[in-house]
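Counting from 1 along the sequence shown, just add 92 to a position and that's the residue number in our numbering.
Here's the structure we're looking at; comments come further down.
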Amino acid sequence: MLDDISKRKFIWKPEDLANWKISNQLGKPGEFPFTRGIHEKMYRAKLWTMRQYAGFGTAEETNQRFRYLLANGQTGLSTAFDLPTQMGYDSDDPLALGEVGRTGVAIDSLADMERLFEGIDLSKVSTSMTINATAAILLMMYRAVGVKQGVSPKDLSGTIQNDILKEYEARNTYIYPPNASMRIITDIFEYCAKEMPRFNTISISGYHIREAGATAVQELAFTFANGIEYVRAALSRGLKIDDFAPQLSFFFVAQMNLFEEVAKFRAARRIWASVMKDRFGATNPKSMMLRFHVQTAGSSLTQQQPDNNIIRTSLEAMSAVLGGAQSLHTNSKDEALSLPSEASALTALRTQQIIAFESGIANVTDPFGGSYFVEDLTDKIEAGTREYLTKIDELGGAMKAVESGFIQKEIQESAYKFHQAVESGDKVIVGVNKFIDDHGEPIPILKVNPKIETAQVERLAKLKKSRDNAKVGKALAALNNAAQGTDNLIPYISDCVESYATLGEISNTLRDAFGKYRPVVTL
């Protein structure tokens with residue numbers, strides 16, 4: 093494993109001050125290389141988007157949670173989908189048994205998507221969808237709902253995660269082999285640049301990499317390696333860098349080491365700006381701006397003493413704001429036990445609002461700009477990240493690094509070392525390996541009604557009987573033929589969606605054409 097500065101303990105010594113000076117790359121907020129923020133005034137002009145992640149059970153239940161959060165001041169939607177939806181299986185598939193509506197909302201067809209956003213004006217809200225292997229399908233469902241509401245696709249705003257490389261590396265909700273997945277992603281870039289210019293076509297994600305056990309430096313390095321791979325794929329298609337790059341976005345975690353996280357976000361902006369300008373020749377400043385969403389760390393939450401999770405989340409959210417995030421989700425205190433209850437979700441939202449309106453943090457553009465410690469740490473994180481990027485370049489890029497198992501092995505080793513530190517007590521987790529108290533009162537937790545699975549399957553059966561199945565068959569056949577060739581697949585997927593073909597039917601058509609991915613086993 094490469095030496096990673098984030099595993100060291102930083103102790104500031106007087107001699108460090110004598111040998112350190114503020115980097116000449118620091119610049120001003122809103123100017124290249126954007127170390128200090130992508131906007132001149134940052135939150136003094138506009139607060140970050142408060143985007144609480146929500147989704148469970150049926151479309152109707154999740155719609156109610158959306159409305160509840162919006163009524164309480166949330167400023168953007170963030171949608172969680174259940175595991176079958178993420179993996180391209182309908183709710184009536186045998187592989188979906190017991191998983192329908194459990195980790196997110198079940199979406200089998202456009203009919204479900206219509207119910208999910210019923211009464212929510214898509215011209216006035218930005219929606220993020222945490223979806224990867226089936227991202228193109230869910231995006232076209234969202235587009236179709238917007239059109240039915242009278243909203244032009246060009247006016248729809250939001251983000252699809254659509255980051256399949258990190259699925260191979262850390263999260264594992266992949267379907268197709270890497271080359272086929274990259275084709276679909278590039279098709280989305282090309283389609284949205286023309287048809288949905290306000291929609292972020294990808295959220296290149298370090299969050300899941302870090303949650304799987306990576307260090308802060310590995311989080312940045314592997315995320316940017318993936319980003320570079322996506323850019324290369326788009327350029328090889330013939331797309332121009334400044335045509336699609338402004339629609340790229342990122343997704344990072346905020347972990348418990350506040351100073352390290354702030355420095356990480358600042359280093360991230362500087363690295364990506366130089367990658368886009370120097371490596372790919374971007375000239376549009378929007379192509380060089382690293383716009384990112386942050387979620388507080390689910391892996392830092394504990395089932396023991398769950399009220400402590402409110403404090404953890406507050407500190408992590410502060411680091412995201414101090415680091416200049418454009419969008420933020422704060423975890424709920426009960427997420428180590430269940431999906432968030434309505435009450436705990438509201439507390440999590442209020443955490444953001446208190447930081448925004450009461451702490452004074454948002455009144456300063458770059459609160460840590462010029463801090464000797466933070467600037468030095470920013471430089472060190474940048475150097476460590478660039479060292480990894482050089483190694484991955486030598487391996488042939490992120491795709492080769494994934495196929496060889498290099499990235500997966502690096503993450504596994506870091507995760508193992510972290511857990512060793514927890515087991516030994518070198519890493520203190522309050523309530524887990526120190527300050528243990530077994531007398532806490534149990535808290536109410538959300539339970540998904542198992543009957544919703546039966547209801548969802550019955551609803552799907554009715555849809556399949558009532559739709560025009562000849563039209564569905566024709567649309568799926570056209571998609572299969574296109575998958576055998578080189579056409580952009582998104583218009584064909586859109587036709588399938590609008591004919592009320594199911595997510596599983598569309599995914600199975602592409603499985604037949606592309607095959608399924610089998611992971612590399614690393615020892």
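We put the beta carbon where it would ideally sit given N, CA and C, even for glycine.
Owing to the predicted nature of the structure, the values given are computational and were not obtained by experimental measurement.
- Tyr268 is a Cβ neighbour of Lys608, given a cutoff of 8 Å.
- Contact annotation, Ala337 with Ala313: C-beta distance approximately 20 Å; criterion of less than 8 Å not satisfied.
- Excluding residues up to 5 positions away in sequence, Ser433 lie with their Cβ nearer than 7 Å to the Cβ of Pro536 in the same chain.
- If you compare the alpha carbons of Arg136, Leu431, Asp213, Thr278 with that of Asp579, the shortest gap goes to Thr278.
- The continuous beta strand (DSSP E) containing Gly250 extends over residues 250–252.
- In this structure, Arg263 sits away from Leu248, with a CB-CB distance that is not shorter than 8 Å.
- Checking the DSSP bridge columns, you'll see Gly149 partnered with Val197.
- Per DSSP, the continuous beta strand (DSSP E) segment holding Ile296 begins and ends at 294–297.
- Thr177 is classed as buried because its beta carbon has at least 16 other beta carbons within 10 Å across all chains shown.
- Cβ-Cβ distances below 7 Å link Glu152 to Arg207 in the same chain, with the five nearest sequence neighbours on each side left out; the list follows chain order.
- Taking one beta carbon from each stretch, the stretch 287–306 and the stretch 517–530 have fewer than 3 pairs nearer than 8 Å; the two do not touch.
- With a 10 Å radius around the Cβ and a threshold of 16 neighbouring Cβ atoms, Ile446 comes out exposed.
- Beta-bridge annotation (DSSP): His421 is paired with Gln387.
- Counting along the chain, no alpha helix (DSSP H) covers Ser170; the unbroken beta strand (DSSP E) around it starts and ends at 169–172.
- Scanning the stretch 386–465 from its first residue to its last, the whole alpha helix (DSSP H) runs of 4-plus residues come out as 400–414, 434–449.
- Under the three-state reduction of DSSP output, Leu340 falls in the strand class.
- For Ala574, same chain residues with a beta-carbon under 6 Å away, outside a window of 5 residues either side, are Leu581, Tyr584 in chain order.
- For Ser183, there is no enclosing beta strand (DSSP E), since its DSSP letter is neither H nor E.
- As DSSP reads the structure, Met142 sits in a beta bridge with Leu420.
- Ser516 and Asn525 have their C-alpha atoms roughly 9 Å apart.
- Ranked by Cα distance from Ile301, the options Asn271, Leu327, Ile276, Ala346 are led by Ala346.
- If you draw a straight line from the Cα of Gly119 to the Cα of Phe316, it is about 22 Å long.
- Positions of the beta strand (DSSP E) runs, each at least 3 residues long and wholly inside the stretch 255–292, cannot be given because no such run exists.
- In the DSSP assignment, Met221 forms a beta bridge with Thr171, Ile252.
- When secondary structure is reduced to three states using DSSP, Lys378 falls in the helix class.
- Counting other Cβ atoms within 10 Å of its Cβ, Ile130 reaches 16 or more and is therefore classed as buried.
- The three-state reading of DSSP puts Ala346 in strand, counting E and B together.
- Taking a cut-off of 8 Å for Cβ pairs, the stretch 592–607 and the stretch 547–564 touch, as three or more such pairs fall below it.
- Note: Val494 is not bridge-paired with any residue in the DSSP secondary-structure output.
- Apart from sequence neighbours up to five positions away, the residues of its chain that approach Ile402 with a beta-carbon distance below 6 Å are Lys425, ordered along the chain.
- Within the same chain, Cβ atoms closer than 6 Å to the Cβ of Ala285 are found at Asp335, Phe336, the five residues on either side in sequence being excluded.
- Assignment of Val192 by DSSP, reduced to helix, strand and coil, places it in the coil class.
- Under the 8 Å Cβ criterion, the stretch 482–493 does not count as touching the stretch 163–179, having fewer than three qualifying pairs.
- Between Val522 and Asn349, the CB-CB gap reaches or exceeds 8 Å.
- Linking Met368 to Met380 through their CA atoms gives a straight-line distance of about 6 Å.
- The Cβ-Cβ distance between Val197 and Phe148 falls below 8 Å.
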